[in-house]
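K.L.:
Line by line, the protein sequences are chains A and B.
Each residue of the first sequence is one higher than the last, beginning at 1 in the numbering used here.
Each residue of the second sequence is one higher than the last, beginning at 1 in the numbering used here.
2 protein chains.
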Amino acid sequence: MLKLSRLTDYAAVIMAQIARHPDYPHAAAELAEAVTLPYPTVSKTLKMLVKANLLVSQRGAQGGYLLARPASDISASDIISAMEGPVAMTECSHADGDCELMATCGVADNWQRVSQAIRTFLDGVTLAHLAQTTPIKLPVHLPIQTVTLAAEASR
Amino acid sequence: MLKLSRLTDYAAVIMAQIARHPDYPHAAAELAEAVTLPYPTVSKTLKMLVKANLLVSQRGAQGGYLLARPASDISASDIISAMEGPVAMTECSHADGDCELMATCGVADNWQRVSQAIRTFLDGVTLAHLAQTTPIKLPVHLPIQTVTLAAEASR
DNA sequence: TTATACAGGACTAAAATGGTACTCAATCGA
DNA sequence: TCGATTGAGTACCATTTTAGTCCTGTATAA
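1. Just to confirm the assignment, what range does the beta strand (DSSP E) spanning A:Gln132 have?
2. Nearest to A:Arg6 by alpha carbon, out of B:Met89, B:Gln112, B:Asp123?
3. Assign A:Gln62 to buried or exposed, taking buried as 16 or more other Cβ atoms, counted over all protein chains shown, within 10 Å of its Cβ.
4. Got a sec, what are the start and stop residues for the alpha helix (DSSP H) B:Leu122 sits in?
5. Please identify, using Cβ separations under 9 angstroms, the residues of the stretch 109 to 124 of chain B that lie next to chain A, in order along the chain.
6. Cα separation between B:Lys3 and B:Arg69?
7. Taking a contact to mean a Cβ-Cβ separation below 8 angstroms, would you say B:Ala28 touches B:Ala82 in this structure?
8. Quick one: list the residues of chain B neighbouring A:His129, beta-carbon separation under 7 angstroms, in chain order.
9. Any chance you could list the beta strand (DSSP E) runs of at least 3 consecutive residues sitting entirely within the stretch 13 to 101 of chain A, in chain order?
10. Tell me which same chain residues have a C-beta within less than 6 angstroms of the C-beta of A:Ala19, skipping the five on either side of it?
11. Check whether chain A comes within 8 angstroms of B:Leu49, counting only Cβ atoms and requiring the distance to be less than that.
12. Hey, does B:Gly97 have any beta-carbon neighbour from chain A nearer than 8 angstroms?
13. Hey, does A:Lys3 have any beta-carbon neighbour from chain B nearer than 8 angstroms?
14. For A:Ala150, which of helix, strand or coil comes out of DSSP?
15. So which of A:Ser115, A:Cys105, A:Trp111 has the shortest CA-CA distance to B:Glu33?
16. Determine the closest residue to A:Val35 out of A:Met48, A:Asp9, A:Leu54, with distance taken between C-alpha atoms.
17. Based on Cα-Cα distance, which residue from A:Trp111, A:Gln17, A:Asp73 lies nearest to A:Leu46?
18. At the level of alpha carbons, what is the spacing between B:Val56 and B:Ser43?
19. For B:Ile80 and chain A, any beta-carbon pair shorter than 8 angstroms?
20. Ordered along the chain, which non-local residues of its own chain (more than five positions away) have a Cβ less than 8 angstroms from that of B:Met48?
21. Of the choices A:Arg113, A:Gly60, A:Phe121, A:Thr41, whose alpha-carbon is the least far from that of B:Arg113?
22. Using a cut-off of 8 angstroms between C-beta atoms, extract the partners of B:Thr41 located in chain A.
23. Determine the direct distance from the alpha carbon of A:Asp78 to that of B:Pro86, and round the result to whole angstroms.
24. For a contact meaning CB atoms closer than 8 angstroms, what does B:Asp73 contact in chain A?
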């Protein structure tokens with residue numbers, strides 16, 4: 001299903017929430033209430049996002065979390081990577097892939113191109129896009145994304 | 001990581017193997033040897049692919065598995081769906097999504113567009129593409145795929 | 001009729017995931 | 001300077017998912 005983990009989902013929702021009010025720090029408790037998720041889970045998610053340098057935190061009273069950079073500079077890939085590690089479809093599509101089937105596999109190379117195309121696409125989707133509230137379902141204009149596998153092959 | 005399950009990987013390898021020799025039935029044992037995977041696992045995978053109507057089987061001596069249709073008519077989506085269910089990134093991106101956060105979520109709609117774009121892309125990648133052996137890493141010409149999220153919004 | 005080969009399902013083991021709790025450290029403000 | 005607030009870090013457990021195996025039944029060809 002190419003499914004995102006639940007925590008990744010949470011992360012996106014939380015990041016979007018912060019992105020809509022970017023000018024003051026958001027405490028974990030406040031965010032938990034805003035997105036109606038249990039506090040410990042939200043807290044854990046936030047910590048992971050800080051470790052991935054997508055958020056910065058401020059301790060102490062009136063502290064909380066802020067975006068580390070503008071929402072338009074944070075991609076869907078960034079968020080997914082923060083929660084699940086690098087975006088990769090197959091074992092062998094990342095660096096240290098020591099897949100024993102390489103010899104008999106025969107699809108590794110092509111899967112990697114597919115994976116790369118999706119990664120490129122997700123790089124182009126930003127938090128700013130995701131955070132857009134669409135109370136009426138207007139066409140959300142995300143940038144037109146052209147992925148050509150042939151081009152990838154020339155790297 | 002948007003990772004495919006291991007069985008999906010196997011499925012792709014096996015399907016590609018059959019696609020390269022489409023004119024006679026392949027027994028599970030034969031395929032297991034060809035891809036150097038344990039027989040029971042290969043067998044299980046094959047059964048799932050039959051149930052998804054991507055392969056047809058022939059029982060009895062000289063029996064085995066054949067593609068249910070030409071490799072160019074079998075997409076990456078088909079294979080992934082066969083092994084993992086529908087291609088969907090989030091809980092709410094498929095029909096019966098009864099996500100309780102819909103109200104406070106605010107990203108559901110946009111995630112669904114992203115998910116749809118990837119699905120469309122994967123629909124365009126066929127088994128024929130995947131099965132191409134590239135002993136030397138020539139540019140594999142997969143079709144140029146243009147996914148525009150704005151277009152998806154107009155459904 | 002017999003050997004071959006798939007069908008279907010049950011079952012177990014292992015791993016990933018999700019969720020929680022607890023202790024420590026930093027910061028603000030009275 | 002002290003105490004309340006709020007995040008950091010880590011360890012832990014429960015649950016679910018996934019992978020892998022095995023056994024019994026059934027169709028088919030020679």
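Think of the CB as a built atom: it goes at the ideal place given N, C-alpha and C, for glycine as much as any other residue.
The model shown is predicted, which means the values in this text are computed figures rather than measured ones.
P.N.:
Reading from the atomic positions:
1. Note, A:Gln132: premise wrong, no beta strand (DSSP E); not H, not E.
2. Closest option to A:Arg6, Cα to Cα, is B:Met89.
3. With fewer than 16 Cβ atoms within 10 Å of its Cβ, A:Gln62 is classed as exposed.
4. Here the alpha helix (DSSP H) through B:Leu122 covers 108 to 123.
5. Contacts with chain A (Cβ-Cβ distance below 9 angstroms) from the stretch 109 to 124 of chain B involve Asp109, Asn110, Trp111, Arg113, Val114, Ser115, Ala117, Ile118, Arg119, Phe121, Leu122, listed in chain order.
6. Taking the straight line from one Cα to the other gives about 27 angstroms.
7. No, Cβ-Cβ distance for B:Ala28 and B:Ala82 is not below 8 angstroms.
8. In chain order, Asn110 make up the part of chain B whose C-beta sits under 7 angstroms from the C-beta of A:His129.
9. For secondary structure counted as the beta strand (DSSP E) over 3 or more consecutive residues, the stretch 13 to 101 of chain A holds these complete runs in sequence order: 55 to 58, 64 to 67.
10. The residues are Ala71, Leu127, Ala131.
11. With 8 angstroms as the cut-off, B:Leu49 does not count as an interface residue toward chain A.
12. Confidence at B:Gly97 is low in this model, with a pLDDT of 47, below 50, so its placement is unreliable and the value that follows should be read with caution. False, the Cβ-Cβ gap to chain A never drops below 8 angstroms.
13. A Cβ of chain B is located within less than 8 angstroms of the beta carbon of A:Lys3.
14. Residue confidence for A:Ala150 is low, a pLDDT of 37 falling below 50, so the modelled location carries little weight and cannot support an answer.
15. Out of A:Ser115, A:Cys105, A:Trp111, A:Cys105 has the C-alpha closest to the C-alpha of B:Glu33.
16. Nearest C-alpha to A:Val35: A:Asp9.
17. The closest CA to that of A:Leu46, considering only A:Trp111, A:Gln17, A:Asp73, is found on A:Gln17.
18. It is roughly 13 angstroms from the alpha-carbon of B:Val56 to the alpha-carbon of B:Ser43.
19. With 8 angstroms as the cut-off, B:Ile80 counts as an interface residue toward chain A.
20. Closer than 8 angstroms at Cβ, skipping near neighbours: Leu7, Ala11, Ala82, Met83.
21. Taking only the C-alpha atoms, the option nearest B:Arg113 is A:Phe121.
22. Ordered by position in chain A, no residue passes the 8 angstroms Cβ test against B:Thr41, which lies about 12 angstroms from the chain.
23. The alpha-carbon atoms of B:Pro86 and A:Asp78 are separated by roughly 24 angstroms.
24. The contacting residues do not exist; B:Asp73 stays about 17 angstroms from chain A at best.
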